[in-house]
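Numbering that gives the first Met the number 0 puts the first residue of the sequence shown at 0, with every later residue one more than the last. Heads up, the thing below is written out as structure tokens.
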Amino acid sequence: MRQMKQTVIYFCTALLQHTFGLYFST
């Protein structure tokens, strides 16, 4: 259960970084 939560947090962080990257590159 802890591993799954860690994966979700990692995925959300990566998604946020990708979104901010696209936002700031424009």
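Idealized CB from N, CA, C, for every residue including glycine. The structure presented is a predicted model; accordingly, all values stated were derived computationally and were not measured.
Exercise for the section: Can you give me the start and stop residues for the alpha helix (DSSP H) that T6 sits inside? Expected result: The count along the sequence shown starts at 1 and reaches residue 6 at position 7. Here the alpha helix (DSSP H) through T6 covers R1 to S24.
Handout entry: Pairwise C-alpha distance: C11 and Q2
Key = On the sequence shown, residue 2 is found 3 positions in, with the first residue counted as 1. On the sequence shown, residue 11 is found 12 positions in, with the first residue counted as 1. Rounded to whole angstroms, Q2 to C11 spans 14 Å at the Cα level.
Problem - I8 to L14 span [Cα, whole Å] - result: On the sequence shown, position 9 is the one that residue 8 refers to. On the sequence shown, position 15 is the one that residue 14 refers to. Approximately 10 Å between the Cα atoms of the pair.
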